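Engineer:
2 protein chains.
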Amino acid sequence: MDDDILIIDDDEQVHDSAIQSWKVLIVDDESEVHRITKVTLSQFRFDGKSITFLHAYSASEARDILKQETDIALVLLDVVMETDDAGLQVVRYIREQLGNQSVRIVLRTGQPGQAPEDDVVESYDINDYKDKTELTSQKLRTLIRASLRSYRDICSLQRNKRGLEKVIQASKGIFEKTALDTFVEGALEQLTALLELEDTTIYNIKHAYELKNTELEMLHSTASDKTETDDLQQHPILQLAIKDKTNIYQESEVVIYCKNPRHNLIFHIEGTQQLSEVDTHLLNLFTENIVVALENIRLNEVIEDNQKEIMYRLGEVVESRSKESGSHVKRVANYTALLARLNGMDNEQVETLKQASPLHDIGKVGIPDAVLNKPAKLDAGEWTIMQTHAKLGYDMLYDSDIPLLQTGAAIAMYHHEKWDGTGYPNGLRGEDIPIEGRLTALADVFDALGSRRCYKEPWGIDSIMELINSESGKHFDPKLVQILNENLDLFLEIKQKYVD
Amino acid sequence: MDDDILIIDDDEQVHDSAIQSWKVLIVDDESEVHRITKVTLSQFRFDGKSITFLHAYSASEARDILKQETDIALVLLDVVMETDDAGLQVVRYIREQLGNQSVRIVLRTGQPGQAPEDDVVESYDINDYKDKTELTSQKLRTLIRASLRSYRDICSLQRNKRGLEKVIQASKGIFEKTALDTFVEGALEQLTALLELEDTTIYNIKHAYELKNTELEMLHSTASDKTETDDLQQHPILQLAIKDKTNIYQESEVVIYCKNPRHNLIFHIEGTQQLSEVDTHLLNLFTENIVVALENIRLNEVIEDNQKEIMYRLGEVVESRSKESGSHVKRVANYTALLARLNGMDNEQVETLKQASPLHDIGKVGIPDAVLNKPAKLDAGEWTIMQTHAKLGYDMLYDSDIPLLQTGAAIAMYHHEKWDGTGYPNGLRGEDIPIEGRLTALADVFDALGSRRCYKEPWGIDSIMELINSESGKHFDPKLVQILNENLDLFLEIKQKYVD
Numbered sequence: 001m002d003d004d005i006l007i008i009d010d011d012e013q014v015h016d017s018a019i020q021s022w023k024v025l026i027v028d029d030e031s032e033v034h035r036i037t038k039v040t041l042s043q044f045r046f047d048g049k050s051i052t053f054l055h056a057y058s059a060s061e062a063r064d065i066l067k068q069e070t071d072i073a074l075v076l077l078d079v080v081m082e083t084d085d086a087g088l089q090v091v092r093y094i095r096e097q098l099g100n101q102s103v104r105i106v107l108r109t110g111q112p113g114q115a116p117e118d119d120v121v122e123s124y125d126i127n128d129y130k131d132k133t134e135l136t137s138q139k140l141r142t143l144i145r146a147s148l149r150s151y152r153d154i155c156s157l158q159r160n161k162r163g164l165e166k167v168i169q170a171s172k173g174i175f176e177k178t179a180l181d182t183f184v185e186g187a188l189e190q191l192t193a194l195l196e197l198e199d200t201t202i203y204n205i206k207h208a209y210e211l212k213n214t215e216l217e218m219l220h221s222t223a224s225d226k227t228e229t230d231d232l233q234q235h236p237i238l239q240l241a242i243k244d245k246t247n248i249y250q251e252s253e254v255v256i257y258c259k260n261p262r263h264n265l266i267f268h269i270e271g272t273q274q275l276s277e278v279d280t281h282l283l284n285l286f287t288e289n290i291v292v293a294l295e296n297i298r299l300n301e302v303i304e305d306n307q308k309e310i311m312y313r314l315g316e317v318v319e320s321r322s323k324e325s326g327s328h329v330k331r332v333a334n335y336t337a338l339l340a341r342l343n344g345m346d347n348e349q350v351e352t353l354k355q356a357s358p359l360h361d362i363g364k365v366g367i368p369d370a371v372l373n374k375p376a377k378l379d380a381g382e383w384t385i386m387q388t389h390a391k392l393g394y395d396m397l398y399d400s401d402i403p404l405l406q407t408g409a410a411i412a413m414y415h416h417e418k419w420d421g422t423g424y425p426n427g428l429r430g431e432d433i434p435i436e437g438r439l440t441a442l443a444d445v446f447d448a449l450g451s452r453r454c455y456k457e458p459w460g461i462d463s464i465m466e467l468i469n470s471e472s473g474k475h476f477d478p479k480l481v482q483i484l485n486e487n488l489d490l491f492l493e494i495k496q497k498y499v500d
Numbered sequence: 001m002d003d004d005i006l007i008i009d010d011d012e013q014v015h016d017s018a019i020q021s022w023k024v025l026i027v028d029d030e031s032e033v034h035r036i037t038k039v040t041l042s043q044f045r046f047d048g049k050s051i052t053f054l055h056a057y058s059a060s061e062a063r064d065i066l067k068q069e070t071d072i073a074l075v076l077l078d079v080v081m082e083t084d085d086a087g088l089q090v091v092r093y094i095r096e097q098l099g100n101q102s103v104r105i106v107l108r109t110g111q112p113g114q115a116p117e118d119d120v121v122e123s124y125d126i127n128d129y130k131d132k133t134e135l136t137s138q139k140l141r142t143l144i145r146a147s148l149r150s151y152r153d154i155c156s157l158q159r160n161k162r163g164l165e166k167v168i169q170a171s172k173g174i175f176e177k178t179a180l181d182t183f184v185e186g187a188l189e190q191l192t193a194l195l196e197l198e199d200t201t202i203y204n205i206k207h208a209y210e211l212k213n214t215e216l217e218m219l220h221s222t223a224s225d226k227t228e229t230d231d232l233q234q235h236p237i238l239q240l241a242i243k244d245k246t247n248i249y250q251e252s253e254v255v256i257y258c259k260n261p262r263h264n265l266i267f268h269i270e271g272t273q274q275l276s277e278v279d280t281h282l283l284n285l286f287t288e289n290i291v292v293a294l295e296n297i298r299l300n301e302v303i304e305d306n307q308k309e310i311m312y313r314l315g316e317v318v319e320s321r322s323k324e325s326g327s328h329v330k331r332v333a334n335y336t337a338l339l340a341r342l343n344g345m346d347n348e349q350v351e352t353l354k355q356a357s358p359l360h361d362i363g364k365v366g367i368p369d370a371v372l373n374k375p376a377k378l379d380a381g382e383w384t385i386m387q388t389h390a391k392l393g394y395d396m397l398y399d400s401d402i403p404l405l406q407t408g409a410a411i412a413m414y415h416h417e418k419w420d421g422t423g424y425p426n427g428l429r430g431e432d433i434p435i436e437g438r439l440t441a442l443a444d445v446f447d448a449l450g451s452r453r454c455y456k457e458p459w460g461i462d463s464i465m466e467l468i469n470s471e472s473g474k475h476f477d478p479k480l481v482q483i484l485n486e487n488l489d490l491f492l493e494i495k496q497k498y499v500d
């Protein structure tokens, strides 16, 4: 960790426009004290900023102001007002009720006898104790300067602490994401939250890109104007980050660059205010965590890709015996997923169905070559054997604890049931047929009709749809047939993509 | 975030034994000033601690002391010593050279004319400026008390900041772990680092357990004494954490409790010093991250378990055609992994081989029933067909980008090669046969001999080993045969576990 980040010299603070001026609260029941203090300090400046005075003439007025104004730097506090210890009660109110540890408190008393100095300084969390008589204008200036300096340093430490706590929160937020899209959205939100430590700063233009070859692809944006978005991609700061493969902090703009062997993410945030050194330190810390989280997501993606491919291979190995093409399982998987999505199923269900779909004919492994590959119509006995593949597939998978294989078992069992109850193995009817079976039945037949088989040539799309429509409510779930008709172009895109 | 954690009252600080007394450095070329200051403050206590004085009689002595002693709370600093501005140079040295922002600096000058107050207070990062004449013993006590209070608050903020930075580091450390064992070890290390914020605290007894049913299983320990370890499991604080399912902080002991649907982890750390509120706050923050990281590990484990099971199913489906038992692929996978591990391969290689092993006979899907299931010796033509299963299996897998399936392709291709060059399909010899093939060849034959097949009864272990030893250097890699002989009991354990 770089502790230099906390070394703040006066020059640097000039740029910290978060504080426009220093708020000093004068609490005294004599208006002359207010007047003299104000006159004495009228030309005073610290860190290039002047003082804004707030005035309270009693402890109760002081309490009201302190409750409202949370960024008061210094309270010059009379002791004896409504009561002999009214000022001391204000000290307790500030530290204990308001929990404000940063504001500096200087007691100014005209009657030192009322409040013995040692007792007061020991018992109350104040930062200085002065007799009004000793406060020459020179001493007042020194007091104010030392107090503001102390306030500034404490605020800086507290801001740093809040920033670090935000980094911890933000990191937790992104490590909870396991998919790229939610991760990107979350990271952008957390980055912005991190930058909005000061209420006066607003970061309102945010984009996340993925760099693919040399093209920036927009992953997420909060910009309302699309034209503006397009222009931003040519922004020199983005090009610089890509070239140097590093974060760029420039005036009020931030580009966060994160790379791993699979992803090249770039977050671009534009704000209204120059970044401080503390901001960039926190952003660098957070970027390290983004990189770790992104690597975890990559590893997840690799494992999931592997699983998908293994499932396809499993399906293909089985199909290879019936001499069906390798692309059949991929097309059926994609048709099934598309039907499921258009039918309103959620992403997880769709993904599970897609991955499990290649298992629909796994039971064919148990069907003899003579039946499976007979280049003519099966006789009644052969047909009975052929039908056993549904239950055989189910038996191979149903006892698994894995939802994916359980879905596979259901698909294997029910993909030859028919809506009108004339299917096999159980002759189920209508919605008694599990949705996994109804979806795969339509996807499988839609693909089989369009493919070359040992017993037939591929059909044209018109003939396919004619048959399928005529079987709506007989073989197929009519709702799914309707979905297929209404979105035929999407299904034909899949057919095109996974051509044999 | 709970900001209350920073509200530190004087009572609480009494327990903070990290600071034994407050170090105050007096820098003055008049020894009388040293003497009077010391006498005046001899009875002084702040937060229950007295003052330890350090004495420097010149700026150069002051620099030496300040360089050595990094925990000085306050410097009472004369201005005119070796030179007219010797004291001012010390201020620059402290803030700029040493980068020490926490020590409070009070200038005490006897010749105010030498250093005009406004200029000095503005230009130097000091915390107060006093004429020696105005410092009565009352004013000195007030000054010291206010300065120590300010020092204490700044130290507390800085310690908090360091703690938060450690939480960030520690979290990054654990999120980089993707396996349970390295995660547990890492979390224990990071927890200890987090607790060792104060150099005076040493946490030296550390254990990590997994709660399985009602039993605590030790996952990791740094305790040297095993007996002590056993006793600790009955420790009431562990029982309390388990009962309440929460972290427990008790005197100098910490129990961190993390739970998800698969894991129930308990970290137990014993130290030498009572935990502060800041410590428990940081530990709670870190615990939240441990829980998120542990959940990520669980999700990984689920995906990997799924992958393993899918690979087994894939193997089993294929074997089901040759009527081999479902346990054959599991036994061969475990024999292969054990041989690989004993042969010195690393964990990742062993795991890949284990998962890919079920694919060794995947090419048999392409072998006709008549050949595959012939209950008699194959004739020459049939044997030629049978042998194609090695290359067929390879062809099904070799074009995958997934290392797991590439390993599967190699296993399928080479598991019928023989050490003396008489195997198939390529007649490779000795170490020209890829290790995947040599390992699976031995594992497959070891299992086949011990199993019932359509053409033979299972053999006893003595006959199996007699044949295998006679084939050492002919069919099998002699080094692997030696490993099998030397560790036969481990292989028989697997045979026992995955009995048909």
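If you're matching them up, the sequences are chains A and B in order.
Under the UniProt record's numbering, the first residue of the first sequence carries the number 1, and numbering increases by one thereafter.
Under the UniProt record's numbering, the first residue of the second sequence carries the number 1, and numbering increases by one thereafter.
Cβ atoms here follow ideal geometry from the backbone N, Cα and C, with glycine treated the same way.
Quantities reported herein were computed from a predicted structural model and do not represent experimental measurements.
(1) Using DSSP bridges, identify the partner residues of A/Tyr209.
(2) What's the call for A/Arg45, buried or exposed, on a 16-neighbour Cβ count within 10 Å?
(3) Any chance you could list the beta strand (DSSP E) runs of at least 3 consecutive residues sitting entirely within the region 237–265 of chain A, in chain order?
(4) From the DSSP secondary-structure annotation, give me the bridge partner or partners of B/Ser472.
(5) Can you grab the Cα-Cα spacing for the pair B/Ala333 / B/Asp399, in whole Å?
(6) As a quick exercise: from B/Ile256, B/Leu439, B/Gln274 and B/Leu66, pick the residue whose alpha carbon is nearest that of B/Ile266.
(7) Along chain A, which residues have their Cβ under 8 Å away from the Cβ of B/Tyr129?
(8) If you measure beta-carbon to beta-carbon, which residues of the region 155–183 of chain B are closer than 7 Å to chain A?
(9) Applying a beta-carbon distance threshold of less than 9 Å, which residues of chain B neighbour A/Gln138?
(10) Which of helix, strand or coil does DSSP assign to B/Lys106?
(11) Do A/Met465 and B/Val317 come within 8 Å of each other at the CB atom, strictly closer than that value?
(12) Measuring straight from C-alpha to C-alpha, what distance separates A/Phe476 and A/Lys330?
(13) Under 8 Å, Cβ to Cβ, is there at least one residue of chain B near A/Ile402?
(14) Do you know whose CA, among B/Leu194, B/Asp181 and B/Asp305, lies nearest B/Tyr209's CA?
(15) I'd like to know whether the C-beta of B/Met218 is nearer than 8 Å to at least one C-beta of chain A.
(16) Would the region 355–365 of chain A count as touching the region 382–394 of chain A if we require 3 or more Cβ pairs under 8 Å?
(17) Using DSSP with H/G/I as helix, E/B as strand and the rest coil, what is B/Ala356?
(18) Measuring CA to CA, which of A/Glu270, A/Thr83 and A/Ile126 is closest to A/Ile94?
(19) Reducing DSSP to helix, strand and coil, say where A/Phe44 ends up.
(20) Please go through the region 300–385 of chain A and give each complete alpha helix (DSSP H) segment of 4 or more residues, from N-terminal end onward.
(21) Are there 16 or more other CB atoms within 10 angstroms of the CB of A/Gly48, so buried, or fewer, so exposed?
(22) Find the residues of chain B that neighbour A/Leu194, judging by a C-beta separation of less than 7 Å, and give them in chain order.
(23) For A/Arg453, which three-state DSSP category applies?
(24) For B/Asn260, would you say it is in contact with chain A, using Cβ-to-Cβ distances shorter than 8 Å as the test?
(25) Would you say B/Ile303 faces chain A, with C-beta separation under 8 Å as the test?
(26) DSSP three-state call for A/Asp84: helix, strand or coil?
(27) I think A/Leu74 touches A/Val39, with their Cβ atoms under 8 Å apart; what is that distance to the nearest whole Å?
(28) According to DSSP, which residues form a beta bridge with B/Thr52?
(29) What is the rounded straight-line gap between the Cα of A/Asp29 and the Cα of B/Ser276?
(30) List the residues of chain B that A/Met396 touches, going by C-beta distances under 9 Å, in chain order.
(31) Closest to A/Leu488 by C-alpha separation, out of A/Lys474, A/Arg452, A/Ile154 and A/Asp447, would be which residue?
(32) How many Å lie between B/Thr222 and B/Ala193 at the Cα?
(33) Kindly list the residues whose CB is nearer than 6 Å to the CB of A/Gln111, restricted to its own chain and excluding five residues on each side of it in sequence; keep chain order.
(34) Return helix, strand or coil for B/Val33, following the three-state DSSP convention.
(35) Please name the residue in A/Asp84, A/Asn260, A/Ser123 and A/Asp118 whose C-alpha comes closest to that of B/Gln43.
(36) So that I know if they touch, is there some Cβ in chain C lying closer than 8 Å to that of B/Val39?
Structural biologist: Once the coordinates are examined:
(1) A/Met218 and A/Ile266
(2) exposed
(3) 248–250 and 253–259
(4) B/Phe476
(5) 23 Å
(6) B/Ile256
(7) Thr142 and Ala146
(8) Leu157, Gln158, Asn160, Lys161, Leu164, Glu165, Val167, Ile168, Ser171, Lys172, Phe175, Glu176 and Thr178
(9) Glu117 and Asp118
(10) The sequence given here has Val at residue 106 of chain B, not Lys. B/Val106 falls in the strand class under three-state DSSP.
(11) no
(12) 21 Å
(13) yes
(14) B/Asp181
(15) no
(16) yes
(17) helix
(18) A/Ile126
(19) coil
(20) 327–342, 347–356 and 369–372
(21) exposed
(22) What A/Leu194 touches in chain B: nothing, since even the nearest Cβ is about 12 Å away.
(23) strand
(24) no
(25) yes
(26) coil
(27) Their Cβ separation, rounded to whole angstroms, is 17 Å, which puts A/Leu74 and A/Val39 out of contact at 8 Å.
(28) B/Lys23
(29) 42 Å
(30) Arg313, Glu316, Val317 and Ser320
(31) A/Asp447
(32) 14 Å
(33) Val80
(34) helix
(35) A/Asp118
(36) In summary, chain C is missing from the structure at hand, where the protein chains are A and B.
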